[in-house]
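So the structure is just underneath, and the comments pick up after that.
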Amino acid sequence: MLDIEKGSQFVREFAWKDVTVSVPSSEGEKVLLNSVNGRVRAGEMLAIMGSSGSGKTTLLDYLSRRSTKGKQLGEVTIDKIALDNSVLREYSVYVEQEDTLIGSLTVRETMNFSARLSQVPKDGLKQKIAELLAFFGLSSNADTKVGTPIIKGLSGGQKRRLSVASQLITDPSILFLDEPTSGLDSFASYQVIKSIREIAKARNMIVICTIHQPSMKTFQLFDKLMVLSKGNVLYNDRVDKVSDYFSHLGHPVSPHENVADHILEVTNVDFDNTSQGGDTIQKLSAAWRQHELETQTTPLESTRTNSEESLIDTAVKESKRNQISVFTSQVFYLCRRQLIKARRDVFAYGVRMIMYLGLAILMGTVWLRFKQEEKYVQPYVNAIFFGSAFMSFMAVAYIPAFLEDHSAFVRESQNGLYGPGPFLVSNFVIGVPFLFLIALMFLIVTFWLIHFTATGPVFGKFLLWLFLDLLAAESLVVLISLMVPQFVGALALVAFANGLWMSVDGFLVAPNVLNVFWKYTFHQFDYQRYVFEGLMAAQFKGTNFECHEQCRYSLGNSSSSGQEILESYGYGNIPEGKWVGILISIIAAMRILAYLWLKLKNYISN
Numbered sequence: 001m002l003d004i005e006k007g008s009q010f011v012r013e014f015a016w017k018d019v020t021v022s023v024p025s026s027e028g029e030k031v032l033l034n035s036v037n038g039r040v041r042a043g044e045m046l047a048i049m050g051s052s053g054s055g056k057t058t059l060l061d062y063l064s065r066r067s068t069k070g071k072q073l074g075e076v077t078i079d080k081i082a083l084d085n086s087v088l089r090e091y092s093v094y095v096e097q098e099d100t101l102i103g104s105l106t107v108r109e110t111m112n113f114s115a116r117l118s119q120v121p122k123d124g125l126k127q128k129i130a131e132l133l134a135f136f137g138l139s140s141n142a143d144t145k146v147g148t149p150i151i152k153g154l155s156g157g158q159k160r161r162l163s164v165a166s167q168l169i170t171d172p173s174i175l176f177l178d179e180p181t182s183g184l185d186s187f188a189s190y191q192v193i194k195s196i197r198e199i200a201k202a203r204n205m206i207v208i209c210t211i212h213q214p215s216m217k218t219f220q221l222f223d224k225l226m227v228l229s230k231g232n233v234l235y236n237d238r239v240d241k242v243s244d245y246f247s248h249l250g251h252p253v254s255p256h257e258n259v260a261d262h263i264l265e266v267t268n269v270d271f272d273n274t275s276q277g278g279d280t281i282q283k284l285s286a287a288w289r290q291h292e293l294e295t296q297t298t299p300l301e302s303t304r305t306n307s308e309e310s311l312i313d314t315a316v317k318e319s320k321r322n323q324i325s326v327f328t329s330q331v332f333y334l335c336r337r338q339l340i341k342a343r344r345d346v347f348a349y350g351v352r353m354i355m356y357l358g359l360a361i362l363m364g365t366v367w368l369r370f371k372q373e374e375k376y377v378q379p380y381v382n383a384i385f386f387g388s389a390f391m392s393f394m395a396v397a398y399i400p401a402f403l404e405d406h407s408a409f410v411r412e413s414q415n416g417l418y419g420p421g422p423f424l425v426s427n428f429v430i431g432v433p434f435l436f437l438i439a440l441m442f443l444i445v446t447f448w449l450i451h452f453t454a455t456g457p458v459f460g461k462f463l464l465w466l467f468l469d470l471l472a473a474e475s476l477v478v479l480i481s482l483m484v485p486q487f488v489g490a491l492a493l494v495a496f497a498n499g500l501w502m503s504v505d506g507f508l509v510a511p512n513v514l515n516v517f518w519k520y521t522f523h524q525f526d527y528q529r530y531v532f533e534g535l536m537a538a539q540f541k542g543t544n545f546e547c548h549e550q551c552r553y554s555l556g557n558s559s560s561s562g563q564e565i566l567e568s569y570g571y572g573n574i575p576e577g578k579w580v581g582i583l584i585s586i587i588a589a590m591r592i593l594a595y596l597w598l599k600l601k602n603y604i605s606n
């Protein structure tokens, strides 16, 4: 049995007044929400209903202090006290319409990581997770993976329940849900809402959710109902009074008719091209405003004591004092989660390892067993370019796995679990060993088959350059995927960027003939350029290539030195140490830009 004594420590009433949201349009200003009022008390569930475009999600986003476009007016209070976004997120959570779960984790692991990232105390955590899973009917699936495109996992209804349960592990006082029954059948929808209602009553929690077309049984689980149409409130009172209210206005509910269906039919003007539909909405809106004036009640007086208010202030101060320890803890658990995903999800690194192994075998058999002869110099150069360039290009395979991580980050960061720093640091930390293994695997195959200069120092330099190449390519994927978090868009931009770097790295067009614009802009910041030049120096410095006929790169008749070959390509004086430093700086710059981009998005959304 859940700890029903806990209840809501601070929140007795959540209220909003005169909420108005408008956006510019071709016809002037378009009102999305028009002076919306409401309140929900502890233990109550409010359903926000309306047709598409009625303003349901806009209102939910405004109340939860999420990013809402346009001009915003209004007041939101908790126990008559206005709080800023950061404090609201301390004790409220938002469950999105789409399930942004990590498919390679089990149900129990999902719950555990949600708790640990939220800094839920470890004492009694296992029991708490077990109780929540039992409450949501997921106990028998505790060790089942959520599911990926190639791993069968939970059903749609089970994923919905897990999405809610994983947020409730933090004991929030307010729960926001956007279309929690979307995509579910009638029975699954009922089970999801029933579970939420039971835990809301048990924990004295406020629940506010948008819902589209609930069944009669599901509809009756709610305490309050708000009906919106074109941003106007048509009803905002108890569910058990809605039938009488609409009947009084001349819209009676027929016997055995679903009340929710009837309300949507009356208030939906999308398919009514006559003026009558608009007149109906205006009359219903005016009637409700008159009803509000006649029955207006004063919001609850603040029931907080001085000690309770100081607890909030103390919690905020404590969170600031413990930022370093919290950051370390968040990075640790995110790394653990990423490591599990990397092991189980073939799309994270498994597919890439197979791809790079295939590339290594392809190159090793095409450029097979070259000799230290001058006629093989150009093929060696071609192999260096092809290998380094295509290793970068194939980093696009990481986009799907990273976008899944990003979706989880968006959900969890908006609920206050962690910020951009822990997310990007853990992503980098886990990526480093896997990328090193990929570079080592690739090099072991190609180095032996192609017959690059077979010395330990050369092998070590090749490994360093290829590892930095992969690290830079993945950093580019991370940066672009954050800026364009959509698969096709990110894929196109990453492919274009790598094509650009390939074009100006100095192999296809030599630096001495590359036009001034490209040479002094993109060529200078091209990570593939530094990898290519570093590999060239590693392969040719200190070596000699025999000439069977007239030497092409030397005035002698027996051999050409590697230094002479490098000079002929314009790479006679490669400062390898400096190039390593520049390449690391490029990697760091892309990671820092990714961090700043996320911080900017968070700032805008707040």
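Heads up: the sequence shown at position 153 corresponds to 153 in the UniProt record's numbering, and the numbers run straight through without jumps. Using N, Cα and C, we set each Cβ at its ideal position, and we do this for glycine too. Quick caveat: nothing in here was measured; it's all calculated off a predicted structure.
Give me the Cβ distance between residue i and residue j, rounded to the nearest whole Å; I'm assuming they're in contact under 8 angstroms.
i, j, result
"G153", "G147", "2 angstroms"
"E109", "I340", "7 angstroms"
"P534", "I574", "Note on identity: in this sequence residue 534 is Gly, with Pro being the wrong assignment. G534 to I574, Cβ: 7 angstroms. Contact."
"C547", "S558", "6 angstroms"
"I199", "M205", "7 angstroms"
"F327", "G421", "6 angstroms"
"R66", "Q414", "6 angstroms"
"D261", "Q220", "With 8 angstroms as the limit, D261 and Q220 do not qualify as a contact, their Cβ atoms being about 13 angstroms apart."
By DSSP, does residue i sit in helix, in strand, or in coil?
i, result
"E27", "coil"
"L228", "strand"
"G74", "strand"
"C209", "strand"
"W597", "helix"
"G38", "strand"
"F545", "strand"
"T100", "coil"
"S114", "helix"
"E257", "coil"
"H291", "helix"
"R591", "helix"
"T17", "Note that residue 17 corresponds to Lys in the displayed sequence, not to Thr. Correct three-state label for K17: strand."
"L105", "coil"
"T453", "coil"
"I582", "helix"
"F522", "coil"
"T181", "coil"
"K341", "helix"
"T328", "helix"
"L33", "strand"
What residue range does the beta strand (DSSP E) around residue i cover?
i, result
"D237", "N232 to R238"
"D178", "I174 to D178"
"residue 621", "Coverage of the chain is limited to positions 1 through 606, which leaves residue 621 absent and any answer about it impossible."
"V93", "S92 to V95"
"I48", "M45 to M49"
What first and last residue would you give for the alpha helix (DSSP H) that runs through residue i?
i, result
"E474", "G456 to M483"
"S560", "It is not in any alpha helix (DSSP H) - S560 instead sits in the beta strand (DSSP E) that spans S559 to S561."
"I199", "S186 to R203"
"I384", "V377 to F393"
"D123", "That residue, D123, is in no alpha helix (DSSP H); it is neither H nor E in DSSP."
"V346", "Segment: none, V346 is in no alpha helix (DSSP H) and carries neither H nor E."
"R411", "I399 to Q414"
"Y553", "First-last for Y553: undefined, no H or E at that position."
"S535", "The sequence as given places Leu at residue 535; Ser does not occur at that position. Counting along the chain, the alpha helix (DSSP H) containing L535 begins and ends at Y527 to F540."
Considering only residues of the same chain and omitting the five flanking positions on each side of residue i, which have a CB-CB separation below 7 angstroms?
i, result
"V484", "A490 and L493"
"G387", "M363 and T446"
"N232", "N34, I281 and S285"
"V425", "V331"
"F428", "R591"
"F390", "L359"
Suppose the cutoff is 6 angstroms on Cβ atoms and the five residues either side in sequence are ignored; what does the same chain contact list for residue i look like?
i, result
"G183", "G156"
"residue 607", "Absent from the model: residue 607. The displayed extent of the chain is 1 to 606, so no value can be given."
"L133", "S139 and A142"
"P400", "F347"
Leaving aside the five residues before and after residue i along the sequence, list all residues of the same chain whose C-beta is less than 8 angstroms from its C-beta, in chain order.
i, result
"K320", "With a pLDDT of 47 at K320, under the threshold of 50, the modelled position of that residue is not reliable, and the figure given next carries that caveat. Hits under 8 angstroms: none found."
Three CB pairs or more closer than 8 angstroms across the region 469-477 and the region 383-399: yes
Closer than 8 angstroms is the cut-off here; do at least three beta carbon pairs connect the region 541-554 with the region 368-387? yes
State whether the region 259-267 contacts the region 228-244, with contact taken as three or more CB pairs (one from each stretch) at a distance under 8 angstroms. yes
I want to know whether the region 188-201 touches the region 156-173 - three or more CB-CB distances under 8 angstroms. yes
Should the region 406-413 be called in touch with the region 446-457, which here means at least 3 C-beta pairs below 8 angstroms? no
Within 8 angstroms, do at least three Cβ pairs link the region 248-255 to the region 134-144? no
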